[in-house]
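> Sharing a structure here in structure tokens format.
Numbering (the working numbering), first residue to last: 637 to 731.
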């Protein structure tokens, strides 16, 4: 199944799993390098939408107070597969 899973356990680090590879991002990091994740998406050769499973994060945010930095990081990371899906849809519509 073509899914990306976005999770957190502590409200500071976010794990993004795609194609059996896990990428870790933290609000405590001075910079966020998503190039490996983006490369993995691009190299996958999949031309269908990617499912985004972020229920773990949604549940965590509902149950805990999280800093603004966490919300911004979450939105940023979620926009990566959303942008991929948009590009895939545009390609399909061109055919």
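Glycine included, C-beta positions come from ideal geometry on N, C-alpha and C.
Please classify residue 730 as buried or exposed, where buried requires at least 16 neighbouring CB atoms within 10 angstroms.
So residue 730 ends up on the exposed side.
> Does residue 650 come out as helix, strand or coil in the three-state DSSP assignment?
Residue 650 falls in the strand class under three-state DSSP.
> Determine the DSSP secondary structure at residue 667, reduced to helix, strand or coil.
coil
> Applying the 10 Å Cβ sphere with the 16-neighbour rule, what's the burial state of residue 644?
buried
> Hey, out of 662, 716, 657, whose CA is closest to residue 704's CA?
Ranking the options by Cα distance to residue 704, first place goes to 662.
> I need the straight-line Cα distance from residue 700 to residue 708, nearest angstrom please.
16 angstroms
> Let me check understanding here. Comparing Cα to Cα, which of 686, 716, 666, 710 lies closest to residue 692?
710
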